[in-house]
Amino acid sequence: MFPQSSQKKFWTFSNEQQLNSLRLQQNVTYINTHGSDMNQEQRDDFFLSSIEERILLKQYELYLNDFCRRFEPPMPKCVVGTAFHYFKRFYLNNTPMDYHPKEILATCVYLACKVEEFNVSIGQFVSNIKGDRNKAMDIILSNELLMMQQLNYYLTVHNPYRPIEGFLIDIKTRSGMSNPERLRPHIDEFIEKTFFTDACLLYAPSQIALAAVLHAASKEQENLDSYVTENLFLAARDKLPVLIEAVRSKLKFGNHK
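The structure is reproduced here in C-alpha cells:
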C-alpha cells in the first residue's frame, strides 16, 4: 500500500538537504514579508533564524510526545506516530513565527485521533490539557480545517507498527529466535527516538520497522543477518546493498535524539 500512497508520493523526500531547503525557504519568505521595512541587523534581532526555528520545534516535539504519553484514555501508538507526521509536515510549509507550535501540536494530535479512529470527543480531548480548556477547544476546532488544508488533505499515514508485527511473526516462523517478543521494548524505544528525527519524511515504514527490529536484536545479542539476507532479500539480491545502507542510515537516525 505504501508505494502507491500519497505519503510516498507527496510526503517522502529524497534527503535531509531537501527538507532543510524547504524550511529555510519558509523562514526567508516570512522575514521578507514581515520585515520589508527593516535593515538586516533589525531583522536578525527581531526574527527567528531557520536554525532557531528548528530548536524551538524540537522542544515542542518533546511536549507532543509527553502529551500523548500522559493522555487519558491511553493513546494507541499509531495515533502518536500520525500526530508526529502531521506536525513535521505542517512546518515544512509554514513557520513557527506564523503559527504557534503549542496550538498546532494540539490540533495535530486531535486530528490524528480522528483519522486513526481513536474515538474521543473534543470534551474528552481538552480534559487532558492544562489551563483554559474552553479556549483550547476553540483553538483546536478553528485550526482543524487549516491543518487539513496544509496537509493537502492527505491524511492517511502509514506508520511502521504494522510491518513490525509482520517482522516479528516472520522471525518466529523462519528464524532460530524462540521468543521474538522480547525484542519489543527495544523496538518501541527505537521508534520513539525516530519521532525526534526526520526519519518518517525520508524512509518507508518498512525500512524503519526493519531497522527497529535489527536494533532490538543487537541489544538482545541476537544475530538476524542470515534471516535478513536469506529470507527477506532472497528475491532481490541485486538491491541488497542499497537496502542495507538504508537500514544502517535509519539506525543512525534512531540513535540520535
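At position 21 of the sequence shown the residue is numbered 26 (the working numbering), and the sequence of numbers has no breaks. C-beta: ideal position from N, C-alpha, C; glycine also.
Between which two residues does the alpha helix (DSSP H) containing F15 stretch?
It spans 11 to 15 - the alpha helix (DSSP H) in which F15 sits, taken as one unbroken run.
How about the stretch 180 to 197 and the stretch 141 to 154: do they share at least three Cβ pairs that are nearer than 8 angstroms?
Using a C-beta cut-off of 8 angstroms, the stretch 180 to 197 makes no contact with the stretch 141 to 154, since fewer than three inter-stretch Cβ pairs fall below that distance.
Of the residues L215, D137, L237, which one's Cα is nearest the Cα of R179?
The shortest Cα separation from R179 among L215, D137, L237 belongs to L237.
On the criterion of 16 or more Cβ atoms from any shown chain inside 10 Å, does F89 qualify as buried, or is it exposed?
Taking all protein chains in view, the Cβ of F89 is crowded by 16 or more other Cβ atoms within 10 Å, so the residue is classified as buried.
What's the call for M80, buried or exposed, on a 16-neighbour Cβ count within 10 Å?
M80 should be labelled buried.
Residue range of the alpha helix (DSSP H) that H220 falls in?
DSSP places H220 inside the alpha helix (DSSP H), whose first and last residues are 210 to 224.
Would you say the stretch 22 to 34 touches the stretch 154 to 163, given that touching needs at least three Cβ pairs under 8 angstroms?
Contact between the stretch 22 to 34 and the stretch 154 to 163 is absent, because fewer than three Cβ pairs lie under 8 angstroms.
Could you give the DSSP three-state label for H163: helix, strand or coil?
Collapsing the DSSP output to three states places H163 in coil.
Measuring CB to CB, does M102 end up less than 8 angstroms from L53?
Taking 8 angstroms as the cut-off, the Cβ atoms of M102 and L53 count as close.
Locate the alpha helix (DSSP H) running through T100, then write down its first and last residues.
According to the DSSP assignment, T100 belongs to no alpha helix (DSSP H), since it is labelled neither H nor E.
Quick one: any contact between the stretch 170 to 184 and the stretch 218 to 227, if contact means 3 or more CB pairs under 8 angstroms?
The stretch 170 to 184 is in contact with the stretch 218 to 227.
Whole-angstrom distance between D137 and I269, CA atom to CA atom:
Nothing in the structure corresponds to residue 269, since the chain is present only between 6 and 262.
Whole-Å CB distance - V84 paired with E108, under 8 angstroms assumed:
Taking C-beta atoms under 8 angstroms as the contact rule, V84 and E108 fail to qualify, at a distance of about 19 angstroms.
State the DSSP-derived secondary structure class of S147, mapped to helix, strand or coil.
Helix at S147.
Measure the Cβ-Cβ separation of T100 and E58 and say whether it is below 8 angstroms.
Going by C-beta atoms, T100 is nearer than 8 angstroms to E58.
CA-CA distance, S231 and R187?
Taking the straight line from one Cα to the other gives about 19 angstroms.
Quick one: Cα of D50 to Cα of T234, how far?
Rounded to the nearest angstrom, the two C-alpha atoms are 54 angstroms apart.
Please state whether the Cβ-Cβ distance between W16 and L206 is less than 8 angstroms.
Yes, the Cβ-Cβ distance between W16 and L206 is below 8 angstroms.
Assuming L156 is part of the alpha helix (DSSP H), what are its boundary residues?
From DSSP, L156 is part of no alpha helix (DSSP H); its letter is neither H nor E.
Boundaries (first-last residue) of the alpha helix (DSSP H) holding L69:
From DSSP, the alpha helix (DSSP H) with L69 extends over 55 to 75.
Residue range of the unbroken alpha helix (DSSP H) whose run includes F89:
If you look at F89, you'll find it in the alpha helix (DSSP H) that goes 82 to 95.
Over what stretch of residues does the alpha helix (DSSP H) that includes V131 continue unbroken?
First-last of the alpha helix (DSSP H) with V131: 127 to 131.
Between C73 and the rest of its own chain, which residues show a CB-CB distance below 8 angstroms, the 5 nearest in sequence each way excluded?
Contacts found: M80, V84, V85, A88, V114.
Checking 8 angstroms against the spacing of the C-beta atoms, do Y159 and Q12 come in under that value?
Taking 8 angstroms as the Cβ cut-off, Y159 and Q12 qualify as a contacting pair.
Where G171 sits in the DSSP three-state scheme:
G171: helix per DSSP, three-state reduction.
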